[in-house]
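Data first, discussion second: the structure below is written as structure tokens.
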Amino acid sequence: MPLNPLDLYDVRSLLSEEERAVQDTVARFTDERVLPIIGDCFDQARFPKELVPEIAELGLLGSSLPEQYGGHGLNAVSYGLICQELERGDSGIRSFVSVQSSLCMYPIYAYGSEEQRMRWLPGMARGEIIGCFGLTEPHGGSDPANMKTNAKRDGDDWILNGAKMWITNGNLADIAIVWAQTDDGIQGFVVEKGMKGFTAQEVHKKMSLRASVTSALFFDAVRVPEANRLPNVKGLKGPLGCLTQARYGITWGPIGAAQACLDEALKYGAERILFGRPITSNQAVQLKLADMARRITMAQLLSLQLGRLKDAGAMQPTHVSLAKWNNCRMAIDIARETRDVLGGAGITTEHCAIRHALNLESVITYEGTETVHQLVVGRELTGINAF
Ligand code: TGC
Ligand code: FAD
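Next comes the structure, spelled out in structure tokens:
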């Protein structure tokens with residue numbers, strides 16, 4: 268039996284029937300609904316918002332949450348496979364789902380009151396309420412402890428002042444989960460579109476994640492009711508806890524992008540005849556392809572074990588950092604190598620390699636830069652904080 272080049276070690280055989288069904292459903296959505304339009308969306312810098320109802324209908328928003336909040340109680344591996352198959356289409360589509368599920372629905376579920384859960388989560392699962400997550404600030408995202416955005420108590424309300432930068436879904440969002448300094452440490456607030464003094468401004472001229480909305484958020488004395496404060500967490504561990512959920516999914520996403528690129532390199536290389544034979548006959552090209560398959564296989568096994576640890580309640584932030592670092596680096600290298608195998612054809616969005624390579628410049632930076640994750644692992648190994 269010939270091996271599957273995109274799954275050389277048959278990692279799929281390690282999945283449960285339910286996990287395989289989830290993967291197949293999302294793979295079909297990506298093939299039929301995302302791939303036919305995504306090159307044009309990227310060219311036009313357009314997020315395909317028309318896909319949101321279908322994404323919701325498939326149950327991909329908050330899929331791990333309990334059913335009473337609109338979720339499906341899926342396990343961590345299934346959530347990872349959702350991210351992998353969506354990012355095989357485009358990192359922007361996976362970003363939309365990551366932000367909605369892990370960065371917005373998760374904190375309302377984990378840190379919110381029962382009233383807040385019932386108020387927002389079912390509508391978010393249906394895709395009727397879109398969220399964004401405001402942690403990063405213009406003066407430096409790697410060090411969120413140095414947060415300037417602040418909230419001061421005023422009677423039954425809070426007065427919010429500050430700015431957030433590089434916020435995915437910012438201009439699409441109906442609600443923003445905003446982290447702010449208070450007299451009692453960092454706290455999370457649900458800021459609603461239309462609250463006086465809250466504005467979003469889209470970031471233009473992006474060469475990466477063009478099929479995704481990225482914005483700056485501004486808070487000018489926004490009056491936020493106490494009922495919109497997330498009551499069950501204080502301190503930096505609140506937003507960092509959300510990042511652990513999202514980063515976990517991001518370890519899987521780039522595997523999909525890398526698989527799409529390897530597939531493209533194999534097909535294009537087999538048909539490109541130079542010096543009288545397909546370029547895949549050359550040792551130099553085969554070395555590249557073999558290295559891509561090797562690195563994809565290692566990333567698949569790493570994320571699967573990470574997912575099994577998460578489902579067993581044994582996953583730690585250091586595990587996530589190592590996998591986010593490894594898998595983003597793997598995918599960006601493979602996307603760039605594929606671009607090279609395609610020669611000049613690799614520079615247009617007729618093919619996926621350049622789009623994935625450019626997208627992965629964001630993916631390797633957001634949710635903690637590569638350096639941040641390397642230093643998290645270094646801190647674990649040495650016990651010394653090098654930040
Ligand atoms: P540090 O002293 O290490 O920790 C402060 C408190 O937080 C706890 N903690 C965590 N909890 C959960 N998950 C984690 N990953 C955690 N890391 C730390 C920690 O135990 C402590 O708790 P406690 O109870 O003792 O107070 O904090 P530090 O200031 O030294 O920072 C460490 C560092 C640099 C790793 C952290 O600041 C960091 O991760 N920086 C990177 C920031 C980042 O990733 N921003 C992402 C913004 S969101 C985004 O990019 C969305 S893109 C989405 C998309 O489009 O897909
Ligand atoms: P900086 O923190 O200024 O880092 C600059 C450089 O310094 C990096 O190379 C970094 O690795 C390096 N560096 C930093 N500290 C150290 C150190 N101690 N030692 C050595 N090197 C160091 N944020 C949100 O809150 N919500 C979102 O939805 C969101 N979406 C995003 C979408 C996109 C497309 C992008 C590009 C970003 C998004 N971000 C979001 C922000 C993202 O998380 C930040 O860009 C990221 O955390 C890095 O912050 P920064 O850009 O300010 O870079």
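In terms of the working numbering, the sequence shown opens at residue 268 and continues consecutively.
The C-beta atom is built at its ideal place from N, Cα and C for all residues, glycine as well.
Since the model is a prediction, treat every value here as computed from it, not as a measurement.
Exercise for the section: Can you tell me which of the three DSSP states residue 647 falls into? Expected result: Collapsing the DSSP output to three states places residue 647 in a helix.
Practice task
Rank 509, 569, 453 and 646 by C-alpha distance to the C-alpha of residue 281 and give the top, closest one.
Solution key: Checked all of 509, 569, 453 and 646; the closest Cα to residue 281 is 569.
Problem - Residue burial classification, residue 571 (beta-carbon count within 10 angstroms, cutoff 16) - result: When all chains shown are included, residue 571 counts as buried.
Handout entry: Cβ-based neighbour list, residue 614, same chain, cut-off 8 Å, excluding 5 preceding and 5 following
Key = Taking residue 614 as the centre and dropping the five residues before and after it, the same chain places the C-beta of 606 and 621 closer than 8 Å to its C-beta, in chain order.
Exercise for the section: Would you identify the three-state DSSP class for residue 518, choosing helix, strand or coil? Expected result: Three-state DSSP puts residue 518 in a helix.
Practice task
May I ask you to report which of helix, strand or coil DSSP gives residue 594?
Solution key: In this structure, DSSP gives residue 594 a helical state, which the three-state scheme calls helix.
Problem - residue 314 Cβ short of 7 Å to the ligand FAD heavy atom set - result: In terms of side-chain proximity, the C-beta atom of residue 314 is found no nearer than 7 Å to any non-hydrogen atom of the ligand FAD.
Exercise for the section: Could you tell me if residue 455 is buried or exposed, where buried requires 16 or more neighbouring beta carbons within 10 angstroms of its beta carbon? Expected result: In the assembly as shown, residue 455 is a buried residue. Its beta-carbon has 16 or more other beta-carbons within 10 Å.
Exercise for the section: Could you check how far apart the C-beta atoms of residue 516 and residue 346 are, in whole angstroms? I think they sit under 8 Å. Expected result: At roughly 6 Å, the Cβ-Cβ gap stays under 8 Å, so residue 516 and residue 346 are in contact.
Handout entry: Proximity test, residue 480 beta-carbon vs the ligand TGC heavy atom, cut-off 7 Å
Key = Because no heavy atom of the ligand TGC lies under 7 Å away, the Cβ of residue 480 does not count as near it: no.
Exercise for the section: May I ask whether a heavy atom of the ligand TGC can be found less than 7 Å away from the beta carbon of residue 600? Expected result: Not one heavy atom of the ligand TGC falls within 7 Å of the beta-carbon of residue 600.
Handout entry: Sheet register partners of residue 419 (DSSP bridge)
Key = Here residue 419 is bridged, per DSSP, to 426.
Exercise for the section: Quick one: residues in its chain with C-beta nearer than 8 Å to the C-beta of residue 532, no 5 flanking neighbours on either side, listed in chain order? Expected result: Only 555, 556, 559, 604, 605, 608, 609 and 620 meet the Cβ criterion.
Practice task
Could you tell me how far apart the beta carbons of residue 453 and residue 505 are, in whole angstroms, since I believe they sit closer than 8 Å?
Solution key: Correct: roughly 6 Å between the Cβ atoms.
Exercise for the section: Within the stretch 550-619, note down every full alpha helix (DSSP H) run reaching 4 residues or more, in order along the chain. Expected result: Counting only runs of 4 or more, we get 550-578 and 584-608.
Handout entry: Assigned exposure category for residue 540 - 16 Cβ within 10 Å defines buried
Key = With a 10 Å radius around the Cβ and a threshold of 16 neighbouring Cβ atoms, residue 540 comes out exposed.
Handout entry: For residue 452, the first and last residue of its enclosing beta strand (DSSP E)
Key = 452-459 is the extent of the beta strand (DSSP E) around residue 452.
Handout entry: Assigned secondary structure, residue 534 (DSSP; H/G/I helix, E/B strand, else coil)
Key = The answer is helix: DSSP assigns residue 534 an H, G or I state.
Practice task
Figure out for me which residue from 350, 441 and 384 has the closest Cα to the Cα of residue 394.
Solution key: The closest CA to that of residue 394, considering only 350, 441 and 384, is found on 441.
Problem - Within 8 Å, strictly: CB atoms of residue 445 and residue 353 - result: Their beta carbons are not under 8 Å apart, which means residue 445 does not touch residue 353 by this criterion.
Exercise for the section: Return the chain-ordered list of same chain residues with a C-beta closer than 6 Å to the C-beta of residue 566, the five sequence neighbours on each side being excluded. Expected result: Taking residue 566 as the centre and dropping the five residues before and after it, the same chain places the C-beta of 522, 594 and 597 closer than 6 Å to its C-beta, in chain order.
Practice task
Flag residue 633 as yes when its Cβ comes closer than 7 Å to any non-hydrogen atom of the ligand FAD, and as no otherwise.
Solution key: Yes, the Cβ of residue 633 comes within 7 Å of a heavy atom of the ligand FAD.
Handout entry: Continuous beta strand (DSSP E) stretch holding residue 490: start and end
Key = Per DSSP, residue 490 belongs to the beta strand (DSSP E) from 481-492.
Handout entry: Beta-carbon proximity of residue 599 to residue 624, cut-off 8 Å
Key = Annotated as proximal: residue 599 and residue 624, with beta-carbon spacing under 8 Å.
Handout entry: the stretch 408-424 / the stretch 386-393 touching (three or more Cβ pairs under 8 Å)
Key = In short, these stretches do not touch, since the Cβ pair count stays below three.
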